[in-house]
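Just so we're on the same page, the working numbering is the position in the sequence shown counted from 1, plus 38.
Working notes, beginning with the structure itself.
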Amino acid sequence: MFEKVKEVVEDYKGKDHVRGLRDCNLMVLKIFDEENYEKMRGRYSTITGGIRASKRAYGVVSMYEYLVKNNDFKEVPKDFIQPFDVIAFPESHNIYLCLGQLWFGVNDFDEFGVISPSDYADGNYMIFRKE
39 MFEKVKEVVE
49 DYKGKDHVRG
59 LRDCNLMVLK
69 IFDEENYEKM
79 RGRYSTITGG
89 IRASKRAYGV
99 VSMYEYLVKN
109 NDFKEVPKDF
119 IQPFDVIAFP
129 ESHNIYLCLG
139 QLWFGVNDFD
149 EFGVISPSDY
159 ADGNYMIFRK
169 E
């Protein structure tokens, strides 16, 4: 798992967020579900297009719903977050990957990098762990 996460983080780090080619949903799929990554990559360029593509590919409308319905992932209490857990927001399409003290995903400059979890201290998010 460590090598796959390292590869994806190195590949995405500092690069622009591009829906359908390099986005947070694809980041999670590339690490945890290569088959669906291949089904989704290049199939959309907007949020609406991503919703349609994910509904066709694996029957859900968001990465949050994918994590909730996927038996390979379990919800974890926020106090028990650990590296490689996935942070998902029920009210948005934001997804982050826990790297320990920092999260990795799309930052305020619309590029991939690390952010502080304190930016979302009062946020409505959930933590998922691949079993």
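Positions of the beta carbon are idealized from the N, C-alpha and C atoms, including for glycine.
Bear in mind the structure is a predicted one, so any value in this text is a computation, not a measurement.
Looking at the unbroken alpha helix (DSSP H) that takes in residue 90, where does it start and where does it end?
First-last of the alpha helix (DSSP H) with residue 90: 85-96.
Simplified DSSP state of residue 44, which is helix, strand or coil:
Helix, per DSSP.
Can you look up residue 129 in the DSSP assignment and give me helix, strand or coil?
Residue 129: coil per DSSP, three-state reduction.
What did DSSP end up calling residue 118 once you bin it into helix, strand or coil?
Secondary structure of residue 118 (DSSP, three-state): helix.
For residue 162, is the classification buried or exposed, using 16 other Cβ atoms within 10 angstroms of its Cβ as the cut-off for buried?
Exposed, because fewer than 16 other Cβ atoms sit within 10 Å of the Cβ of residue 162.
Rounding to the nearest angstrom, what Cα-Cα distance links residue 102 and residue 113 in this structure?
If I take the Cα positions, the gap works out to 11 Å.
Got a sec? Which residues, its chain only, sit under 6 Å from residue 93 by beta carbon, not counting five neighbours each side?
Correct list, in chain order: 99.
Following the continuous alpha helix (DSSP H) through residue 107, name the residue where it begins and the one where it ends.
Counting along the chain, the alpha helix (DSSP H) containing residue 107 begins and ends at 101-107.
Would residue 109 be called buried (16 or more neighbouring beta carbons within 10 Å of its own) or exposed?
Residue 109 comes out exposed.
What did DSSP end up calling residue 135 once you bin it into helix, strand or coil?
Correct three-state label for residue 135: strand.
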